[in-house]
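Asker: Protein chains in written order, with our numbering: chain A, 613 to 863; chain B, 177 to 658. Using N, Cα and C, we set each Cβ at its ideal position, and we do this for glycine too. Predicted model, so just to flag it, every value in this text is computed and none were measured.
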Ligand SMILES: Nc1ncnc2c1ncn2[C@@H]1O[C@H](COP(=O)(O)OP(=O)(O)OP(=O)(O)O)[C@@H](O)[C@H]1O
Ligand SMILES: [Mg+2]
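(1) Per DSSP, residue 582/B is paired with what?
(2) Less than 7 Å between CB atoms is the rule here; does residue 273/B satisfy it with respect to chain A?
(3) State the DSSP-derived secondary structure class of residue 177/B, mapped to helix, strand or coil.
(4) If you measure from the beta carbon of residue 540/B to each beta carbon in chain A, is any gap under 7 Å?
(5) Report the residues of the region 699-716 of chain A with a CB closer than 9 Å to any CB of chain B, ordered along the chain.
(6) Measure from the C-beta of residue 569/B to each C-beta in chain A and report whether the shortest distance is under 7 Å.
(7) Below 8 Å, can you find three or more Cβ-Cβ pairs linking the region 471-479 of chain B to the region 537-548 of chain B?
(8) Just to check, is the beta-carbon of residue 653/A closer than 6 Å to a non-hydrogen atom of ligand 1?
(9) Quick check: what's the CA-CA separation for residue 796/A versus residue 803/A?
(10) If you count every other CB in all the chains shown that lies within 10 Å of the CB of residue 258/B, and 16 or more means buried, which is it?
(11) Does residue 743/A come out as helix, strand or coil in the three-state DSSP assignment?
(12) What residues of chain A sit near residue 624/B, judged by a beta carbon separation below 8 Å?
(13) According to DSSP, is residue 195/B part of a helix, a strand, or is it coil?
(14) Can you pull the chain B residues whose beta carbon is under 9 Å from the beta carbon of residue 754/A, in chain order?
(15) Within 10 angstroms of its Cβ, does residue 460/B collect 16 or more other Cβ (buried), or is it exposed?
(16) Given a threshold of 16 other Cβ atoms within 10 Å of its Cβ, counted over all protein chains shown, does residue 274/B qualify as buried or as exposed?
(17) Using CA coordinates, which residue listed in 847/A, 845/A, 854/A, 837/A is at the minimum distance from residue 621/A?
(18) Taking Cβ-Cβ distances shorter than 8 Å, what residues in chain B pair up with residue 615/A?
(19) Assign residue 851/A to buried or exposed, taking buried as 16 or more other Cβ atoms, counted over all protein chains shown, within 10 Å of its Cβ.
(20) Out of curiosity, what's the CA-to-CA distance linking residue 466/B and residue 815/A?
(21) Take residue 690/A and list the residues in its own chain whose beta-carbon comes closer than 8 Å to its own, dropping the five residues that flank it on each side.
(22) Is there at least one non-hydrogen atom of ligand 1 closer than 6 Å to the beta-carbon of residue 624/A?
(23) Looking at C-alpha atoms only, which residue of 630/A, 772/A, 834/A, 734/A is the closest neighbour of residue 858/A?
(24) Are there three or more Cβ pairs, one per stretch, closer than 8 Å when the region 564-580 of chain B is compared with the region 643-653 of chain A?
(25) Quick one: does the C-beta of residue 613/B sit closer than 6 Å to a heavy atom of ligand 2?
(26) Say the cut is 6 Å; is the CB of residue 696/A nearer than that to a heavy atom of ligand 1?
(27) Is it the case that the Cβ atoms of residue 582/B and residue 614/B are separated by a distance below 7 Å?
(28) Residue 617/B versus chain A: which residues are under 8 Å apart at the beta carbon?
(29) Use the C-beta contact count for residue 485/B: other C-beta atoms within 10 angstroms, 16 or more gives buried, fewer gives exposed.
(30) With a threshold of 7 Å between beta-carbons, can residue 663/A be considered close to chain B, or not?
(31) Taking the CB atoms as reference points, tell me whether residue 630/B and residue 637/B lie closer together than 7 Å.
(32) Listing by chain order, which chain A residues have their CB less than 9 Å from the CB of residue 613/B?
(33) Going by DSSP in three states, residue 611/B sits in which element: helix, strand or coil?
(34) Near residue 653/A, which residues of its chain fall below 6 Å by C-beta distance, leaving aside the five closest residues on each side in sequence?
(35) Name the two residues that bound the continuous beta strand (DSSP E) containing residue 480/B.
(36) Going by alpha carbons, who is nearest to residue 411/B out of 558/B, 639/B, 251/B?
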């Protein structure tokens, strides 16, 4: 099992947001997480990635057989966890090229490898740019600075392609994408799918799941996964909304 | 701010100053203290013509009537000027006397600082004047430069070999009456660089001066003079370091630049004097007056500075834009950490028509430091159609440091335009986490973000300097975030 989350409780500033959540992801699987606004989807993603002010008060996140509750976020990243942010931040003045090379070299150092050569790096950039159909005029700029919403999301997928993670958590990467961009992003993800790599895709729209067929769909409500199923669950949610689930919960 | 981050701040801000060593070498020194005898001593040591001794004495007498300036946003402790040695020179060893050889000990000192004075070992393309305490020990590539009739030598040599040039220009841009430290420097200046680019010559290599304070209890008072004749061009860089000591040491320099018609001078500084320890003990007091005049039409001066060192920095490189269509630029990154204080900025004085100036100032403050931008933009009545654009950005790392801007704008005609922009920002936790999530640890992330913030200025530096400056920023600051 690649990721095993058991009875996870996460608080932000003393307020409990994730309230006893279980989730198992095997290598090669694609999981979709859906659920109403403000129910804890991003909080879960941040907790897996290890953001400081997201305190785990109970439970365990087990990744590749090891509890990572206390692992620093950069080490989680180097171990192959990637988070595509719902709201990617801008880092003025830092070029994507410099940013990516620094990141790749830190990953390599962690694995005991020497820094990547300039030539290999440029080749890799070209290859991945093609894969996610991102233009040089974007990658030549500073990280997310002045990017449109959609461009930011594309840049997340580009970085994912560059870093070749084992577990990718994509938090609403499809929001803000136009139809073409959505297809490109989905294609990119599909090309990165292997028997080893797993994806957790947080989304509000079943649209994305037409392109990326998930093995499981989960509904996150009030800090817990309250329903899981196959891809048909996504259709059902799109049709009926979340009320029936909320009703089931309050019964 | 969580405790992890605090730890990183501590770790990094305690990061060693790499250039803090002392070279043990026999020195020849002036007796401690400052009076007319001290000045006569220095002048005699340098075998100076009378006009120069007169200049020094006049400056000294004027200085005695002056008071330490207190207008800067700096806490300057009482300085006892009688407690300073005003002249210190490494003694030439017997066996080296008369030879044009440098003491191996000094060569080694400069090697340790990353400056090779052996020409064959140096990267081609940069000539160096190496100055330790009060004297220049070696100027490289003089032959190459002589072929173009370029004069690049120590100030002391220039006084001997080109007294007419020194006499013509010395004190014309920064008169000794200019300010307290200018008067002091004019009285006791010891060495510095002299550079003369003849008409129509583009200097084929970068010129640089490396200043090193070594001896204890001494002050360094260097003075440089750059003259660019019509249609000439030169790029000049200076670097500086000093040993780590508990006592403060004084550095008061003057740089004067004269640029004639259609000529251009680029002046770059990486200032890395010892900043003091993390409790604010020791460090260099750096009081500098740098000014250039665009005397001819279409001439240009650009100042680029990266200031990371010194306990106190007091420095406002400026341009007098006298020639019509002349251009002045000031690009600055000033970093303060721990208890460092910097009050720095620029003066742009527009006199000619259609003159243009740009000021880009990036202040970065961490720890308990204070970092101020102070600028003066003055557009005279005659300077029609002139423009200035100033941008002053401050980046705060932590919540115990301060950043301030004191822009002073004075426009005397209606056809000119002055624009001033200022921003203050912080490195956010979200930015750091974004980097962490990509596998970049917090230290490197801060280095990356700070360098990104300063990029606009760093890219103006000559290649050789840019790399050094980037590393320096990283070392001075990594981890200092709040
Ligand atoms: N830093 C914070 N401080 C206080 N409350 C927070 C913070 N971050 C999130 N929350 C709260 O936690 C709850 C869950 O937020 P989260 O971002 O995980 O929701 P989500 O399921 O991702 O919603 P959406 O679908 O709108 O993205 C919300 O009520 C939100 O306001
Ligand atoms: Mg969310």
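Answerer: In brief:
(1) 550/B
(2) Bear in mind that a pLDDT of 48 at residue 273/B, under 50, signals an unreliable position, so the number given afterwards is only what the model happens to contain. So no, residue 273/B is outside the interface.
(3) Unreliable positioning characterises residue 177/B in this predicted model, as indicated by a pLDDT of 35, which lies under 50. The coordinate reading is nonetheless provided below. Three-state DSSP puts residue 177/B in coil, outside helix and strand.
(4) no
(5) 699, 700, 701, 702, 703, 704, 705, 706, 707, 710, 711, 712, 714, 715, 716
(6) no
(7) no
(8) yes
(9) 10 Å
(10) exposed
(11) helix
(12) 703, 706, 710, 711, 714
(13) coil
(14) 628, 631
(15) buried
(16) Confidence at residue 274/B is low in this model, with a pLDDT of 44, below 50, so the placement of that residue is unreliable and no value is reported for it.
(17) 837/A
(18) Result: empty, since nearest Cβ-Cβ is about 16 Å, beyond 8 Å.
(19) exposed
(20) 59 Å
(21) 718, 719, 722, 723
(22) yes
(23) 834/A
(24) no
(25) no
(26) no
(27) no
(28) 684, 686, 718
(29) buried
(30) yes
(31) no
(32) 661, 662, 663, 685, 686, 688, 689, 693, 694, 695, 697
(33) helix
(34) 645, 647, 814, 832
(35) 476-483
(36) 639/B
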